[in-house]
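Participant: My questions all concern the structure below.
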Amino acid sequence: MSGPDTGGKAWGGRFHGGTDKRVEAFSESISYDRRLYRQDVAGSIAHAHMLAAVGIMSKDESAAIEKGLLEIQADIEAGRFEYSIAKEDIHMHIESALIAKLGDTGRKLHTARSRNDQVATDSKLWTRDALDRIDQLLAGWMKSLVKAGRRHQNAVIPGFTHLQRAQPVLAGHYFLAYVEKCNRDRSRVADCRKRLNELPLGAAALAGTSLPIDRQMTAKSLGFDRPAANSMDVSSDRDWAIESVFVLTMIQLHLSNWAEEWILWTTSEFGFLALPDEYCTGSSIMPQKKNPDVLELTRGRAGRVVGDLMTLITVVKGLPLAYNRDLQEDKEPLFDAFDTVEACLALAALITDGARLREDRIRARIGEGFLDATALMEALIKRNIPQRSAHELVGRLVGLAEQKGCKLADLSETDLKSVDARLDGSLRDELGVDHAVAGYQSEGSSAPGEVDRRLKHWEIQLGLKN
Ligand code: ARG
77 MSGPDTGGKA
87 WGGRFHGGTD
97 KRVEAFSESI
107 SYDRRLYRQD
117 VAGSIAHAHM
127 LAAVGIMSKD
137 ESAAIEKGLL
147 EIQADIEAGR
157 FEYSIAKEDI
167 HMHIESALIA
177 KLGDTGRKLH
187 TARSRNDQVA
197 TDSKLWTRDA
207 LDRIDQLLAG
217 WMKSLVKAGR
227 RHQNAVIPGF
237 THLQRAQPVL
247 AGHYFLAYVE
257 KCNRDRSRVA
267 DCRKRLNELP
277 LGAAALAGTS
287 LPIDRQMTAK
297 SLGFDRPAAN
307 SMDVSSDRDW
317 AIESVFVLTM
327 IQLHLSNWAE
337 EWILWTTSEF
347 GFLALPDEYC
357 TGSSIMPQKK
367 NPDVLELTRG
377 RAGRVVGDLM
387 TLITVVKGLP
397 LAYNRDLQED
407 KEPLFDAFDT
417 VEACLALAAL
427 ITDGARLRED
437 RIRARIGEGF
447 LDATALMEAL
457 IKRNIPQRSA
467 HELVGRLVGL
477 AEQKGCKLAD
487 LSETDLKSVD
497 ARLDGSLRDE
507 LGVDHAVAGY
517 QSEGSSAPGE
527 VDRRLKHWEI
537 QLGLKN
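Here it is, written out as structure tokens:
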């Protein structure tokens, strides 16, 4: 190590003097990419093993590098590692600590590698683990939803469209609706993981290398399905980050739909749901308040995750091939989106476990809102009245009942006949929410048998039953 003072930078050879402190502070990423230290160490160990296998370094050198890297990892984990913005990012921190330990042997690690393929490798490894955690958390929330569905399986609740009472459904069916959404989220996670799982390392800066490396070997040892096929693509590719954060956005949207619904359901206007005290907070001035803050923050954090996605797609927009420093801006939104969704999913499971539908309160008002009107219309259709006419007739009956301030079931034979001669008192047997629910029969409907079948399906799928 000789020559002019270049501030110990990895690019020292070409430069005279160090970097302006303001530029260092502006450009550093160590304050957040230090989270990649484990992946950086793992990637470097795999790289060193490969370099030794192809004869670019000796087995002793690669063993010394592995040992040195593991010591550095232990130092980081014990809080004994010193960070400095002069070393810019996690890759330079770890490499320079290795060189400080091993001298020339350490100076061989960066052979046939650039920070461009290195950072993509580290970040993909990190994201792959994070996707696996998300998958587990989704499975956890699904279990809580299925258990809640079983707990309240046969309670009849109003289903809404436009947030207006629409048709009666079983509470079991309601909970299973979110299970289906989570299941699609899990399949998006799996799909995204599959496309992500190609090894960047070995693409070097953008063109590959003239050194005889073995990318198949590195791919295998890091658990990638194969080496990514084009080095210029690797150097510029952040599709996997964007796709992951889109998948997270979708999850967070589902969480925010659910949170909004339950915020409404805990109001005294709805009175559908009771949340455990330990997941709520009070007011410093209004002694009676019990606020669903966790649900509100879950809803609010959708804004963050959507913002993270916007940041990422805007960062890559208009970038020419291959690596550009703009890409360093991928990490904060990537980390933030995962942190946010992980925290929200964990709490969603807890809240779903702790919440109880207030079945008595729901029941007390289930007769409101003409939830059985569609069932009545379908009864008329079964009596051979065309759908358009049946719809019209029931609409008129609803108008009549509204005028009289009664339910459809309270209309007299004379009331029915006054609307159409084909209507008679026997139609009253078709009315009421219980009758309506019992009448559903289509696949995927809220038919009691269907709900039970799907609950069983998910109990088995999720290992709640065998
Ligand atoms: N910290 C950089 C990033 O996150 C690493 C890659 C830097 N490469 C370079 N040629 N300056 O993107």
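Using the numbering used here, you'd call the opening residue of the sequence shown number 77 and step up by one each time. Heads up, the beta-carbon is just placed ideally off N, CA and C, and yes, glycines get one too. From a predicted model like this one, the values you see are computed outputs, not experimental measurements.
1. Closer than 7 Å to a non-hydrogen atom of the ligand ARG - does that hold for the CB of R191?
2. If I follow the unbroken beta strand (DSSP E) through V245, where does it start and stop?
3. So the alpha helix (DSSP H) V117 belongs to, where does it begin and stop?
4. Can L403 be considered in contact with the ligand ARG, in the sense that its beta carbon sits closer than 7 Å to one or more heavy atoms?
5. Taking the CB atoms as reference points, tell me whether V323 and L538 lie closer together than 8 Å.
6. If you scan the region 295 to 337 from start to end, which runs of the alpha helix (DSSP H) of 4 or more residues do you find wholly inside it?
7. Grab me the residues of F411's own chain with a C-beta within less than 8 Å of its C-beta, minus the 5 sequence neighbours each way, in chain order.
8. Please return the same chain residues whose Cβ sits closer than 6 Å to the Cβ of T203, not counting the five positions on each side in sequence.
9. Run through DSSP, which three-state label would G88 get?
10. Count the C-beta pairs between the region 388 to 398 and the region 334 to 348 that are closer than 8 Å, then say yes if the count reaches three, no if not.
11. Give a yes or no on whether the C-beta atoms belonging to A280 and S297 are separated by under 8 Å.
12. Put E274 into one of helix, strand or coil per three-state DSSP.
13. Going by CA-CA distance only, name the one from D208, R227, V99 and L287 that's closest to A128.
14. Do you know offhand how far L546's Cα is from R401's?
15. With H, G and I counted as helix, E and B as strand and the rest as coil, what does DSSP make of N367?
16. List the residues that DSSP assigns as beta-bridge partners of P409.
17. Among all the DSSP beta bridges, which residues are the ones paired with F236?
18. How about the region 449 to 458 and the region 492 to 509: do they share at least three Cβ pairs that are nearer than 8 Å?
19. Is L324 close to chain C, meaning its C-beta is less than 8 Å from at least one C-beta of that chain?
20. Could you check whether L473 and V495 sit closer than 8 Å to each other, using their CB atoms as the reference points?
21. Output needed for I106: all residues of its chain with C-beta closer than 7 Å, excluding positions within five of it in sequence on either side, in chain order.
22. T325: buried (16+ other C-beta within 10 angstroms of its C-beta) or exposed?
23. Between which two residues does the alpha helix (DSSP H) carrying Y108 extend?
24. Quick check: does the Cβ of V99 come within less than 7 Å of any heavy atom belonging to the ligand ARG?
25. Run through DSSP, which three-state label would A424 get?
Facilitator: Put simply:
1. As a working note, residue 191 is residue 115 in the sequence shown. R191 Cβ: within cutoff of the ligand ARG.
2. Here residue 245 refers to the residue found at position 169 when the sequence shown is read from its first residue. Where V245 is concerned, the enclosing beta strand (DSSP E) stretches over Q240 to L246.
3. Taking the sequence shown and counting its residues from 1, one reaches residue 117 at position 41. Segment Y113 to A129, the alpha helix (DSSP H) holding V117.
4. Stepping through the sequence shown from its first residue, residue 403 is reached at position 327. L403 has its Cβ nearer than 7 Å to a heavy atom of the ligand ARG.
5. Your numbering for residue 323 matches position 247 in the sequence shown. Your numbering for residue 538 matches position 462 in the sequence shown. No; because the gap between Cβ atoms is not below 8 Å, this pair is not in contact.
6. Unbroken alpha helix (DSSP H) stretches of 4 residues or longer found wholly inside the region 295 to 337: 307 to 312, given in chain order.
7. Residue numbering aside, residue 411 sits at position 335 when the sequence shown is read from its first letter. If you ignore the 5 residues before and after F411, its C-beta comes within less than 8 Å of the C-beta of Y108 and R111, all in its own chain and listed in chain order.
8. Counted from its first residue, the sequence shown places residue 203 at position 127. Setting aside the 5 residues that flank it on each side, T203 is surrounded in the same chain by S320, each with a C-beta closer than 6 Å to its C-beta; the list follows chain order.
9. Counting from one through the sequence shown, the residue named residue 88 turns up at place 12. G88: helix per DSSP, three-state reduction.
10. Taking a contact to require three or more Cβ pairs closer than 8 Å, the region 388 to 398 and the region 334 to 348 do not qualify as touching.
11. Indexing the sequence shown from 1 puts residue 280 at position 204. Indexing the sequence shown from 1 puts residue 297 at position 221. No, Cβ-Cβ distance for A280 and S297 is not below 8 Å.
12. Counting from 1 along the sequence shown, the entry for residue 274 is found at position 198. Three-state DSSP puts E274 in a strand.
13. The residue given as residue 128 occupies position 52 in the sequence shown. Closest option to A128, Cα to Cα, is L287.
14. Given a span of 77 to 542 for the chain in the structure shown, any question on residue 546 remains unanswerable.
15. Position 291 of the sequence shown, counting from 1, holds the residue named residue 367. Of the three classes helix, strand and coil, the one that applies to N367 here is strand, per DSSP.
16. If you number the sequence shown from 1, residue 409 lands on position 333. Note: P409 sits in no beta bridge, so no partner.
17. Numbered from 1 along the sequence shown, position 160 holds the residue referred to as residue 236. Per DSSP, R241.
18. With a cut-off of 8 Å, the region 492 to 509 and the region 449 to 458 count as touching, because enough Cβ pairs lie within range.
19. Checking the listed chains, one finds no chain C in this structure; it contains a single protein chain.
20. Sequence index remark: in the sequence shown, residue 495 carries index 419 (1-based). Sequence index remark: in the sequence shown, residue 473 carries index 397 (1-based). Against a cut-off of 8 Å, the Cβ pair of L473 and V495 comes out as a contact.
21. Translated into positions along the sequence shown, residue 106 becomes position 30. So the list reads Y159, I161, K163, E164, D165, I166 and H169, once near-sequence residues are dropped.
22. In the sequence shown, counting from the first residue as 1, residue 325 sits at position 249. Flag for T325 reads buried.
23. Locating residue 108 in the sequence shown gives position 32, where the first residue counts as 1. Residues I106 to D109.
24. Your numbering for residue 99 matches position 23 in the sequence shown. No; taking the cut-off as 7 Å, the Cβ of V99 has no heavy atom of the ligand ARG nearer than that.
25. For the purposes of this step, residue 424 is taken as residue 348 along the sequence shown, with counting starting at 1. Of the three classes helix, strand and coil, the one that applies to A424 here is helix, per DSSP.
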